[in-house]
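Residue numbers (my numbering): 23 to 140. The C-beta atom is built at its ideal place from N, Cα and C for all residues, glycine as well. As the structure is a computational prediction, the values presented were derived from the model and not from experiment. Notes follow once the structure below has been shown.
Set out below in structure tokens:
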């Protein structure tokens, strides 16, 4: 009887390990935000189609897969869908597998020294 319990224990342990190894691994999702600024030399009608591998959770101005705008040299943009003027395009989406940044590395540069630093 004791041998039977031992074999049963090892069998159950093996099944558990196999099930754990076959379980679907969940990947963490990260939120990515980007702001797009355009400064063409002349007024220009453009279609902006940002690449992303995730689901868009927020965009301003609202868009599907692209923004259709008129960009001007002063940085203003007119959205052709709503006729409103904007200074930038914003989007937020969720993505999987983005490498984590190391917050222990970086630079602090005083504003007036930025040009020399770059």
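### Query
Leaving out five residues before and five after residue 95 in sequence, what residues of the same chain have Cβ atoms less than 8 Å from its Cβ?
By one-based count along the chain shown, residue 95 stands at place 73. So the list reads 61, 62, 63, 64, 65, once near-sequence residues are dropped.
### Message
Among 90, 117, 130, whose alpha-carbon lies nearest the alpha-carbon of residue 111?
### Response
Your numbering for residue 111 matches position 89 in the chain shown. Cα-wise, what sits closest to residue 111 is 90.
### Task
Select from 116, 114, 80, 93 the residue whose C-alpha is nearest the C-alpha of residue 106.
On the chain shown, residue 106 is found 84 positions in, with the first residue counted as 1. If we check each option's Cα against that of residue 106, 93 comes out closest.
### Exposure of residue 113, with buried meaning 16 or more beta-carbon neighbours within 10 Å
One-based indexing of the chain shown puts residue 113 at position 91. The residue is buried, with at least 16 neighbouring Cβ atoms inside 10 Å.
### Task
Would you kindly check if the distance between the Cβ of residue 139 and the Cβ of residue 130 is under 7 Å?
By 1-based counting over the chain shown, the position of residue 130 is 108. By 1-based counting over the chain shown, the position of residue 139 is 117. In this structure, residue 139 does not lie closer than 7 Å to residue 130 by Cβ.
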